[in-house]
Structures are given as structure tokens and as C-alpha cells.
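S.K.: In UniProt numbering, the protein residues as written are 1 to 214. Where a beta carbon is used, it is the ideal one built from N, C-alpha and C, also for glycine.
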């Protein structure tokens, strides 16, 4: 039995001239740190699209050391400020320490960090609806330092604004993020990959890298 609909299929949006299954790709025409699965039910506004500007939201990152303008522990960062003038890969997932996220999704981006930088990416962000302490601990466990920024969206405000929430209350997890990846250039979404429920097929690091290099 499945509760998937046509709208739940993997979505891939990129530049024209290339076709991916099941949908044709579509086009829209990334450093310095500045402080300042089932059942599913989707929540929130319409999903962000290629060509849209990222919402003006805050994410939190746990820093293991004090640095200019930042303190040891959780620090708030403005999404638009942090993406201004940069090319950033942002990938979202259901939660820290969950099986697929820990075994495949995050490690894939850690392993592909250098190839992604060689392809012109300035930063890689992992976003989950968890607090900054949890994301920091998870990052240490997966050795993400210097490769992937572990960004906490504890209230799900950023994820909600993207239109990429899902309700996993039946699993005791509450509102969480769908699994996705996007390439953002100066705050504008250039490529977007959204997974079908329960799938991990299009938002992995290798798929994002392939889209950047072909």
C-alpha cells in the first residue's frame, strides 16, 4: 500500500536542454561567517521553486570555538546574509542520527566536499529540524568540520517557509523536513531536487555534483 500521489514523485529542476525522469528540468534566469518514514502529511505554503529567492529566515549553528563576532555554542545566522555572493548547496533531511541520513546522506556530502568546491560551490549546508546542540553533536560524530555546515532549524521556520515540511507525528518525530537538495547562487535557487516520500534517489551529493559538471 502506498500513500504517494503524482505530486510526491522525485522532482528535479535545473537548466534547460537536459531531460531527467520523471520530470523535465526547468530553469530560473555561493567564506566568511557573519554572526548576528510514514505516514506523511505535508504542511506549509507552496514549495519553493527554481528562480525563487530563499526566505529571510534564521538558522542556528553550534560552533566549537569562539571566533570573530561569534561565541562558543549556538549562533544565529541569517540565511540571506550567509548566501549573499556565494554558491551554496543546501540539503535537508528528516533528522539528526536517523539511519539513512547518518549512513548515506551526510557522509556523501562529506566525501564529495572537495569535488563540489572544485565545481564552484563555496559552502555546503545540512539543514534539519533539530536544535543546534544536536546538530553539533551529529556533525562531530560524522566528521563534518570544514566540509559541511550543520545548520539547525529547531522551530522548522525555514523549512516551513520553503514549503518542505512533513508531519511525522505518527512516528513520534513531529514536524520535520522532507529530503531535498538545492544549489543556491547569491540567495536564488538555481537547482532543486526533492525526494518522493521514503526515497533517497535524487538529493545525494553525487547527483548534485553531476548536475554541476555536465
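Of all the options 100, 212, 80 and 79, which has the alpha carbon lying nearest to the alpha carbon of residue 190?
M.R.: 212
S.K.: Would you call the CB atoms of residue 121 and residue 148 closer than 8 Å?
M.R.: Their beta carbons are not under 8 Å apart, which means residue 121 does not touch residue 148 by this criterion.
S.K.: Could you pull out every residue in the same chain whose Cβ sits closer than 8 Å to the Cβ of residue 43, ignoring the five residues on either side in sequence?
M.R.: Caution applies to residue 43, whose pLDDT of 40 falls short of 50 and renders its modelled position unreliable; the value that the coordinates give is listed next. Cβ within range, chain order: 160, 165, 166, 167 and 175.
S.K.: Along the chain, where does the beta strand (DSSP E) containing residue 232 start, and where does it finish?
M.R.: Lying outside 1 to 214, the shown extent of the chain, residue 232 is not represented and no answer is given.
S.K.: Within its chain, find whatever has a CB closer than 8 Å to the CB of residue 104; leave out the 5 residues flanking it on each side and keep chain order.
M.R.: Same-chain partners within the cutoff: 200 and 204.
S.K.: Buried or exposed for residue 177, going by 16 or more other Cβ atoms inside 10 Å?
M.R.: buried
S.K.: Just mark residue 193 as buried or exposed, buried being the case when its beta carbon has 16 or more other beta carbons within 10 Å.
M.R.: buried
S.K.: Could you tell me which uninterrupted beta strand (DSSP E) segments, each at least 3 residues in length, are contained entirely in the stretch 70-152, listed from first to last along the chain?
M.R.: 73-78, 87-92, 123-128 and 149-152
S.K.: So the candidates are 179, 156 and 132; which of them puts its Cα closest to the Cα of residue 197?
M.R.: 179
S.K.: Apply the 10 Å Cβ neighbour rule to residue 108 and answer buried if 16 or more other Cβ atoms are within range, or exposed otherwise.
M.R.: buried
S.K.: My assumption, with CB atoms under 8 Å, is that residue 208 sits in contact with residue 183. Please give the rounded CB distance.
M.R.: 7 Å
S.K.: Residue 63 and residue 79 - do their beta-carbons sit closer together than 8 Å?
M.R.: no
S.K.: Can you check DSSP and say which residues form a bridge with residue 48?
M.R.: Looking at the DSSP assignment, residue 48 forms no beta bridge with any residue, so it has no partner.
S.K.: Going by other Cβ atoms of all chains shown within 10 Å of its Cβ, with 16 needed for buried, is residue 217 buried or exposed?
M.R.: No information on residue 217 is available, as it lies outside the stretch 1 to 214 that the chain covers here.
S.K.: Looking at C-alpha atoms only, which residue of 210, 133 and 187 is the closest neighbour of residue 53?
M.R.: 187
S.K.: Can you tell me which of the three DSSP states residue 217 falls into?
M.R.: Residue 217 cannot be examined here, being either before or after the span of the chain that is shown, 1 to 214.
S.K.: Run through DSSP, which three-state label would residue 200 get?
M.R.: coil
S.K.: May I ask you to report which of helix, strand or coil DSSP gives residue 214?
M.R.: Residue 214: coil per DSSP, three-state reduction.
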